[in-house]
Each structure stands twice: as C-alpha cells, then as structure tokens.
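See below for the structure under consideration.
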Amino acid sequence: MTETLVPPAAAPAPSIPSGRGRRPYRPHRASRSWQLVRTVLLVVGAAITLFPFYAMVVLSFKPTGPVTFPDSLLPWPFSAEAYDSVFGAKSVLRWVGNTLVYSVVSVVGVLLLSSLAGYAFAKKRFPGKETMFWSFLAMLMVPYHVTMIPTFIIISELGGVDTYWGLILPTLANAQAVFLMRQFIASLPDSLFEAARLDGCSEWRVYVSIVLPLIKPILATLGVFVFLWHWNDFLWPLIVGQSTDMRTLTTGIASLQQENVPLNMLLAGSVIAFVPIFMAYLVGQRYFTEGIATSGIKG
C-alpha cells in the first residue's frame, strides 16, 4: 500500500492589525503637568521682568503730582507733559546728541580696529605675534578702575577734557572685541585667502572683499554690545564731560535727580534713553543670534 505524501500546510501570513484596533498615543499625565508648570513659570518670570519697564512707561505719562500705588500703575489719566518738558529743554536734546556721537563713533571705531587686528592675529604671520596677542589680551584681567586715573591724566594733559575725541579715543582699544574677532576669523578657510592672493588682490582688498562679508554676524553682535556699553556708560563720561554741554544722557539724568526734578520727567528721560537701545537690538537681532551661535560653535 503506497502512502500519499501530503505537503504541509503553509503557515498563515501574519495579520497586520488595522488602525482601528490600535490604542491612540496619549502623553503621560505627568508630562502634561510639567509643561503646564513650566509655562506658568515662564509667564510669571516674563511678567516680573517686564514689570519695571511697564511701570517706567506708565509713570512717565502721568501728570506731575504725588505717586500712589497701585493707582499710579493704571494707564489713566494720560498726560504727555513730561515729554513736552524733556524735549523742550535744550540741555536734554544736547545730551541725546552727545550720547549718539559717543555711541555711534565708538561702535564704528571699535569694529574697524578690532576687525583689522583680529585679521592680522588670525591670518598673518609676523615675529612676536603670539606674545603680542596674549599681552594685549591680558588687559582683560586689569580692572577698568585701575587704568581710569592714568588715562584721565593723559587725556587731560593732551587737552581732551570736555571734547568728543577725549571722550571717544580711550574706548577704542577693546581687547574683548579683538579676541572675538580673532577667534571668528581664524575659523575661516585659508583657501579663500590664498586664492585671493593668487588673483593679485592686495591685503586691503582681501579684507574688504572677503573678511568683512564673512564676519557680518560677529560684527552685528559686537556692534550691539558696544552700542549698549557706550550708551549706558556713566563713569568715563562723568569724568571727561565736566561741563553741562558735554554730558551724556546717563550723566544728565543723574544730575537732574539732584535738582528735585519731578519723577515723571526723570522716567521720561529714562524712556528716551531706552528706546535707541531697543531699536538697535531689533535691527541687529538676526545677526545677533546668529553671531552668538556661530561664535559658540567655531570659537
């Protein structure tokens, strides 16, 4: 009797569960709670940070009179008499002009000198380069107040007291700006500079056509910082600008406090001093964040 061989039955194909049978993903309840707590903390922190600015603006638009809390923090009654008084005073407009000259010229000078020095320290070869660079960088370890008196004596002997050049010149040598420029330019590929020199470009053409376009992020970042430093600078303008006409906004507003000027006028002056800083940050915000990211990665 012959046996009939029956082939084994094929294993059934694995069935793919349909989407209907799957349980939808639900985030853990603890993670939701943490997100809610984090959002609340961020909102509270932002409110605490912005409250002084809110109070400054609201109180500057209040009529002259006693300040009572919390009624004075309400945006009514509205009055612009403090700003009329500030803009009507010739001395305040003079202080604004002095601060603009001090800040803008210093920004241009610091960026130009630091970018030139950074390019030389990063891409040029000359005897004593490393010694010179680290000696210059050692200035960061010297407190500003130590060199302030010798600097004032030199400026005074040269006749720079109550002058724009005496106010601006000592601030142009910025070791931190040179260091940041050197670190940023050092990360640029050497092949770009070699190709430019093979094409017959001079060093000034290399600096203008290659270096400056590639360092726009760090230029904008340093520009914002230098503008903030000089716009808010108090001690050096107070020492050099001894006359009323040579005061800056910071020293001028401080002098108003000694003259029993109403609070709304002081805060109006503070708002006027704050607006250019805020505008400078808005203009350079994109380059500012890009410069911080690239300097952190390439440095």
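Numbering (this note's numbering), first residue to last: 3 to 301.
Where is the CB? At the ideal position from N, CA and C, for every residue including glycine.
This one's a predicted model, so the numbers in the text were calculated from it and none came from an experiment.
Query: With a 10 Å radius around its C-beta and 16 neighbouring C-beta atoms as the bar for buried, classify Leu224 as buried or exposed.; Result: buried
Query: Tell me which residues share the same chain as Pro278 and place their Cβ nearer than 7 Å to its Cβ, disregarding the 5 neighbours each side in the sequence.; Result: Trp233
Query: Report the start-end ranges of each alpha helix (DSSP H) in the region 211-238 that is 4 residues or longer and not cut off at the edges.; Result: 218-233
Query: DSSP three-state call for Val69: helix, strand or coil?; Result: coil
Query: Check whether the region 93-108 touches the region 245-256, taking contact to mean three or more Cβ pairs, one atom from each stretch, closer than 8 Å.; Result: yes
Query: Tell me which residue opens and which closes the alpha helix (DSSP H) that Met150 is part of.; Result: 146-159
Query: With DSSP collapsed to three states, give me the class of Lys126.; Result: coil
Query: Pop quiz: Phe154 and Ile217 are said to be a contact at Cβ under 8 Å. What is the actual Cβ separation, rounded to whole angstroms?; Result: Actually they are not in contact, since the Cβ atoms of Phe154 and Ile217 sit about 33 Å apart, beyond 8 Å.
Query: Quick one, which of Arg249, Leu61, Glu83, Thr70 has its alpha-carbon nearest Pro77's?; Result: Leu61
Query: What's the call for Ile151, buried or exposed, on a 16-neighbour Cβ count within 10 Å?; Result: exposed
Query: Tell me the rounded alpha-carbon separation between Gly130 and Phe123.; Result: 10 Å
Query: Which word fits Trp36, buried or exposed, when buried means at least 16 other C-beta atoms lie within 10 angstroms of its C-beta?; Result: exposed
Query: Hey, out of Asn266, Phe135, Ser272, Val110, whose CA is closest to Pro68's CA?; Result: Asn266
Query: I believe Ala198 touches Ile212 by the beta-carbon criterion, under 8 Å. Please report the beta-carbon distance rounded to the nearest angstrom.; Result: 6 Å
Query: Compare the beta carbon distance of Phe80 and Phe55 with 7 Å and say whether it is the shorter of the two.; Result: no
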